[in-house]
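The structure under discussion appears below in the form of structure tokens.
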Amino acid sequence: MIENLAPQHAWDLLQNNSDAVLVDVRTKVEHSFVGHPPGAISIPWKEAPDWQVNPQFVAEVKKVAPDCNTPVLLLCRSGQRSLDAAKALEEAGYQLLINIVDGFEGALDEHKHRGNLGGWRFQGLPWEQS
1 MIENLAPQHA WDLLQNNSDA VLVDVRTKVE HSFVGHPPGA ISIPWKEAPD WQVNPQFVAE
61 VKKVAPDCNT PVLLLCRSGQ RSLDAAKALE EAGYQLLINI VDGFEGALDE HKHRGNLGGW
121 RFQGLPWEQS
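Throughout the sequence shown, residue numbering follows UniProt numbering, covering 1 to 130 in sequence.
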């Protein structure tokens, strides 16, 4: 089952459940330069320049969360790639999947800028850059 959680609720779950794993499905460049929550594991769902689905995605998640009953939280820029990645993990047998709605940067505002309407950073949650 895939549950959608707001960033603050996802952060609370991570703080209260030491078994939970946070997977950042954005590209390595996004993860490093845009920023990421502390402890997020970078496993891209798609990678530039071809933007094809990473054929090793599920196998890479299994390395960090071998038990399909481990809560796996998924984060992307705005919540769509993470939902697609969660669906792939659900098909692979994972039971506790959490899509972080609005992602790390949130939706575009009227000026086509992210970070002003929602998302992890907008909520003031901890984050860092590599």
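Ideal Cβ positions, reconstructed from N, Cα and C, are used throughout, including at glycine.
Residue nearest to residue i in terms of C-alpha spacing, selected from the options
i: N54; options: G79, C68, R26 and L73; result: R26
i: D19; options: N69, E90 and A6; result: N69
i: L5; options: L96, Q129 and H113; result: L96
i: A40; options: E3, D84, W11 and N116; result: W11
i: A51; options: K28, P38 and P71; result: In the sequence as displayed, the identity of residue 51 is Trp instead of Ala. For W51, the nearest C-alpha among the options comes from K28.
i: S42; options: N16, P7 and L74; result: L74
i: D24; options: M1, K112, G35 and K63; result: G35
i: M1; options: D67, L89, S32 and H31; result: L89
i: E128; options: H113, P71 and S32; result: S32
i: N99; options: D84, E60 and A59; result: D84
i: D102; options: E91, R114 and K62; result: R114
i: P71; options: H111, A86, E60 and A59; result: A86
i: A65; options: Y94, P37 and Q56; result: Y94
Residue i - partner residues in DSSP beta bridges
i: L5; result: I100
Report task. Could you name each continuous beta strand (DSSP E) segment of 3 residues or more that falls completely within the UniProt domain "Rhodanese" (16 to 116), going from the start of the chain to the end? Result -> Those beta strand (DSSP E) runs which fall completely within the UniProt domain "Rhodanese" (16 to 116) and span 3+ residues are 21 to 24, 72 to 75 and 97 to 100.
Query raised in the report: How about the stretch 114 to 122 and the stretch 44 to 63: do they share at least three Cβ pairs that are nearer than 8 Å?
Result: Contact check between the stretch 114 to 122 and the stretch 44 to 63: fewer than three CB pairs, one atom from each, fall below 8 Å, which does not count as touching.
Query raised in the report: Quick one: any contact between the stretch 72 to 85 and the stretch 103 to 114, if contact means 3 or more CB pairs under 8 Å?
Result: Verdict: yes, contact present.
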